[in-house]
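A short worksheet on the structure shown next.
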Amino acid sequence: MKDPVCGMEVDDKHDSLEHKGKKHYFCCASCKWAFENNPSQFEQS
Ligand SMILES: [Zn+2]
0 MKDPVCGMEV DDKHDSLEHK GKKHYFCCAS CKWAFENNPS QFEQS
């Protein structure tokens with residue numbers, strides 16, 4: 000899966016966050032933080 004913030008490939012051991020029933024994975028806490036603060040900016044259809 001892909002980190003929606005920076006586009007890096009990440010695996011399911013990374014930090015995750017559930018948003019609208021979909022699980023997103025992040026390479027680092029700062030990407031997770033960015034998504035959390037503005038999910039609509041990074042959401043993929
Ligand atoms: Zn990232």
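According to numbering that gives the first Met the number 0, the sequence shown is numbered sequentially starting from 0. The beta-carbon is built from N, C-alpha and C at its ideal position, and this holds for glycine as well.
Residue i Cβ short of 7 Å to ligand 1 heavy atom set
i   : result
M0  : no
F41 : no
Close-in-space but distant-in-sequence residues of the same chain around residue i (CB under 6 Å, 5 per side omitted)
i   : result
Y24 : M0, V9, H13, S15
M7  : C26
Proximity of residue i and residue j at Cβ, strictly below 8 Å
i  : j   : result
D2 : C30 : yes
E4 : A33 : Glu is not the amino acid found at residue 4; the sequence shown has Val there. Closer than 8 Å, so yes.
7 Å Cβ shell around residue i - same chain, five flanking residues per side excluded
i   : result
E35 : L16
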